[in-house]
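Below is one structure, written out as structure tokens; the observations come after it.
There are 2 protein chains.
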Amino acid sequence: MRILITGGGGFIGQRLARALLARGGIAEEPGAASKLTELVLFDRAFAPDRLEDEHVRYVAGDMLDRDLLVHACAPRIDAVFHLASVVSAGAEADFDLGMRVNVDGMRNVLEIGRAEPILPRFVFTSSVAAFGGDLPDVVLDTTAPTPQSSYGTQKVIGELLVSDYTRKGFIDGRCVRLPTIVVRPGKPNRAASGFMSSIIREPLEGKPAVCPVPPETQMWIASPDRAVDMLIHAMELRGSAWGWNRILNGPGITVSVTQALAALERTAGSEAVQRVRFERDSDIEKIVLSWPVRFTTERADRLGFEGDAGIDAIIRAFLRSAG
Amino acid sequence: MRILITGGGGFIGQRLARALLARGGIAEEPGAASKLTELVLFDRAFAPDRLEDEHVRYVAGDMLDRDLLVHACAPRIDAVFHLASVVSAGAEADFDLGMRVNVDGMRNVLEIGRAEPILPRFVFTSSVAAFGGDLPDVVLDTTAPTPQSSYGTQKVIGELLVSDYTRKGFIDGRCVRLPTIVVRPGKPNRAASGFMSSIIREPLEGKPAVCPVPPETQMWIASPDRAVDMLIHAMELRGSAWGWNRILNGPGITVSVTQALAALERTAGSEAVQRVRFERDSDIEKIVLSWPVRFTTERADRLGFEGDAGIDAIIRAFLRSAG
Numbered sequence: 002m003r004i005l006i007t008g009g010g011g012f013i014g015q016r017l018a019r020a021l022l023a024r025g026g027i028a029e030e031p032g033a034a035s036k037l038t039e040l041v042l043f044d045r046a047f048a049p050d051r052l053e054d055e056h057v058r059y060v061a062g063d064m065l066d067r068d069l070l071v072h073a074c075a076p077r078i079d080a081v082f083h084l085a086s087v088v089s090a091g092a093e094a095d096f097d098l099g100m101r102v103n104v105d106g107m108r109n110v111l112e113i114g115r116a117e118p119i120l121p122r123f124v125f126t127s128s129v130a131a132f133g134g135d136l137p138d139v140v141l142d143t144t145a146p147t148p149q150s151s152y153g154t155q156k157v158i159g160e161l162l163v164s165d166y167t168r169k170g171f172i173d174g175r176c177v178r179l180p181t182i183v184v185r186p187g188k189p190n191r192a193a194s195g196f197m198s199s200i201i202r203e204p205l206e207g208k209p210a211v212c213p214v215p216p217e218t219q220m221w222i223a224s225p226d227r228a229v230d231m232l233i234h235a236m237e238l239r240g241s242a243w244g245w246n247r248i249l250n251g252p253g254i255t256v257s258v259t260q261a262l263a264a265l266e267r268t269a270g271s272e273a274v275q276r277v278r279f280e281r282d283s284d285i286e287k288i289v290l291s292w293p294v295r296f297t298t299e300r301a302d303r304l305g306f307e308g309d310a311g312i313d314a315i316i317r318a319f320l321r322s323a324g
Numbered sequence: 002m003r004i005l006i007t008g009g010g011g012f013i014g015q016r017l018a019r020a021l022l023a024r025g026g027i028a029e030e031p032g033a034a035s036k037l038t039e040l041v042l043f044d045r046a047f048a049p050d051r052l053e054d055e056h057v058r059y060v061a062g063d064m065l066d067r068d069l070l071v072h073a074c075a076p077r078i079d080a081v082f083h084l085a086s087v088v089s090a091g092a093e094a095d096f097d098l099g100m101r102v103n104v105d106g107m108r109n110v111l112e113i114g115r116a117e118p119i120l121p122r123f124v125f126t127s128s129v130a131a132f133g134g135d136l137p138d139v140v141l142d143t144t145a146p147t148p149q150s151s152y153g154t155q156k157v158i159g160e161l162l163v164s165d166y167t168r169k170g171f172i173d174g175r176c177v178r179l180p181t182i183v184v185r186p187g188k189p190n191r192a193a194s195g196f197m198s199s200i201i202r203e204p205l206e207g208k209p210a211v212c213p214v215p216p217e218t219q220m221w222i223a224s225p226d227r228a229v230d231m232l233i234h235a236m237e238l239r240g241s242a243w244g245w246n247r248i249l250n251g252p253g254i255t256v257s258v259t260q261a262l263a264a265l266e267r268t269a270g271s272e273a274v275q276r277v278r279f280e281r282d283s284d285i286e287k288i289v290l291s292w293p294v295r296f297t298t299e300r301a302d303r304l305g306f307e308g309d310a311g312i313d314a315i316i317r318a319f320l321r322s323a324g
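In structure tokens:
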């Protein structure tokens, strides 16, 4: 079995690649794992400390380069994880870049799947940025997407395309709206949600961190491990389990800044918490406050997707993986 | 004021053009109608019996031809009615054509609006084809779109783009999901909904008609007059009345085939009804039964959009306009 991961050089892409190699493939039917023969990681560029493995092939380039994509996927691809995108603040700062990569680039990847002779499975990472505006207190599986960012708009367009390509029999698609991933390792990226990782990660590394929102601010989050598990589970479920609706809200937990700092104190003591300084940034606050923080995820629960146990467990898992 | 109508050669486009000429323009503020100086009708082709008026300019071509669109809109455009699209059965039969025209072509029209120095108003005709699958009994203003056709998918993508272009300050956009238009004049088009017009229009003209669905089949409909009124009202409302949510379900009425035939009998006698033959077509039935037939349109009602009084009034209006 040959698997493509777009955005394969990113944090989640690399984690997903490691998980797939450790499992040796994906189980398209219960108990029937197809052996992984090649894992193609496609991205604009790759960091030097990338995963090296005999089954992994790296292809660096632009998703708008259809020929390169076709070449990367030859002679065939059985499954696609489409993770690549311009992130939230990036798509907001450069509207045309977001449209090109997140819509036109995605259409190229969908066409790769469509051209395969055997219906490939296709997992798309969508986002809670699908929701915004005057939201209900709790987002349900049936709540209409109302994105309030270009990134969210482009993600919802991607969901619609995956759904229609699936209905047409071009691919066997599945979309998971991932919660905000916390704790991200490394340096902050351009995501407005980055502070929730920073206020945990930096103090644990003995560094200062800035929190740009008030302590009572809540966020709907999932750990990197659970996010990777969700993507693999989305891929392994039978199409009949998904049914006609190929979009779901992935399970997360609702955590406030106060709760995150309390968990940090329980894990690393009060000196860690004292490294966090509050300094409001109204631009970031405005974006973060537009996001939904409470969901019911009945459909995901019924289909066997699993969220995190709590913020303490998330912090402990981060320490283990960092250590 | 200069107004662009894409799909200006179509049935609704021509009706809308006549209505705009009769009004002399659109009122951007209550009581302050801007005088219409030029009405640009853009379409692939125009019928010989098209509306002729000194204020009307016809431009025939492809929406994918960006230069032609720019040329058609020079020196400036104050308002755009974007009606042009590949219709439902057409977009289903030729997926790539639907994507090119309904998505890429629409993006060209949106870019025309974005390039204007003064924020242009932009009305987009969306459709009840936004909904399908396992629907609630009554579609609410907050019901999530779940299109089950490529046409519906492309219409929802258009709504998302209009919303995001509006949020970004590129255009002042408004989307109205129109009910199925009944009675359409002329010959059937490729729309699966065409029979509801046929079973009224043909008998009134003394011709036979075929109904491909059972008598109890219901449809959510609006007359051509109300559809045109809705588009003009959508354009004339202030942006602040629309608020951040630029998409709404237009008002319609729910009518069954049985009710339509009873109204036909009241208007034209039993011999008219006897010209309708039932001959089931499972392909059409499947598409029609996937459409929602009941809506609450509280938001449209509150904003002053008006639906039809009933099917009898729709038939009488058709007879008046045909006569």
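Just so you know, the protein sequences line up as chains Z and S, in that order.
Here the working numbering is used: the first sequence runs in plain steps of one and ends on residue 324.
Here the working numbering is used: the second sequence runs in plain steps of one and ends on residue 324.
Where is the CB? At the ideal position from N, CA and C, for every residue including glycine.
Within the same chain, Cβ atoms closer than 8 Å to the Cβ of H56 of chain Z are found at L22, L37, T38, E39, L40, the five residues on either side in sequence being excluded. Of the residues S:R122, S:T218, S:T143, S:I233, the one whose Cα lies closest to the Cα of F132 of chain S is S:T143.
Under the three-state reduction of DSSP output, H83 of chain S falls in the strand class. For E299 of chain S, the three-state secondary structure derived from DSSP is helix.
Scanning S:S283, S:R45, S:P180 for the CA closest to the CA of V102 of chain S turns up S:R45.
R168 of chain Z belongs to the set of residues whose beta carbon lies under 8 Å from a beta carbon in chain S. Using a CB distance cut-off of 8 Å, I158 of chain S counts as an interface residue toward chain Z.
Between the stretch 270-285 of chain Z and the stretch 191-210 of chain Z there are three or more inter-stretch CB-CB distances shorter than 8 Å, so the stretches are counted as touching.
Rounded to whole angstroms, P137 of chain S and S151 of chain S show a C-alpha spacing of 21 Å. A residue is called buried once 16 or more other Cβ atoms fall within 10 Å of its Cβ, and R175 of chain Z is buried on that count.
When C-beta distances to chain S are compared with 7 Å, the residues of the stretch 130-143 of chain Z below that value are G134, T143, in chain order. At a cut-off of 8 Å between beta-carbon atoms, T154 of chain Z makes contact with chain S. Fewer than three beta-carbon pairs drawn from the stretch 193-212 of chain Z and the stretch 162-177 of chain Z are found closer than 8 Å, and the two stretches are therefore not classed as touching. Counting along the chain, no alpha helix (DSSP H) covers A28 of chain S; the unbroken beta strand (DSSP E) around it starts and ends at 26-30. Shortest Cα-Cα distance from L65 of chain S to any of S:D79, S:V129, S:I113, S:S127 involves S:I113. By the criterion of at least three beta-carbon pairs nearer than 8 Å, the stretch 2-10 of chain S is in contact with the stretch 74-91 of chain S.
Note on L111 of chain Z: 16 or more other CB atoms within 10 angstroms of its CB, so buried under the neighbour-count rule. Within chain Z, the residues whose beta carbon sits less than 7 Å from that of A145 of chain S are T143, T144, A145, P146, listed in sequence order. If you look at W243 of chain S, you'll find it in the alpha helix (DSSP H) that goes 240-243. With respect to chain S, the C-beta atom of W245 of chain Z has a partner C-beta closer than 8 Å. If you check the CB distance, A145 of chain S and P121 of chain Z do not come in under 8 Å. Of all residues in the stretch 88-100 of chain S, only F96 place a beta-carbon less than 7 Å from a beta-carbon of chain Z. Secondary structure of L249 of chain Z (DSSP, three-state): strand. Between A261 of chain Z and I201 of chain Z, the gap from beta carbon to beta carbon is short of 8 Å. Straight-line measurement puts the Cα of A92 of chain Z at about 22 Å from the Cα of K156 of chain S. DSSP places A46 of chain Z outside any beta strand (DSSP E), giving it a letter other than H or E. Selection Z:D95, Z:A94, Z:F125, Z:A90 evaluated against M107 of chain Z yields Z:F125 as nearest (Cα-Cα).
Across the structure, S89 of chain S and G153 of chain S are spaced so that their CA atoms are roughly 8 Å apart.
In the structure shown, the three-state DSSP call for A75 of chain Z is coil.
E203 of chain Z sits in a helix when the DSSP states are folded into three classes.
Interface criterion not met: the Cβ of S86 of chain Z is under 8 Å from no Cβ in chain S. Nearest in C-alpha terms to R247 of chain S, of all of S:A94, S:V163, S:D95, is S:V163. In the three-state DSSP reduction, F196 of chain Z falls in the helix class (H, G or I).
Put simply, the CB of S271 of chain S is far from chain Z, with every gap to its CB atoms at 8 Å or more. Taking a C-beta distance under 8 Å as the contact criterion, T259 of chain S and P216 of chain S qualify as a contact pair.
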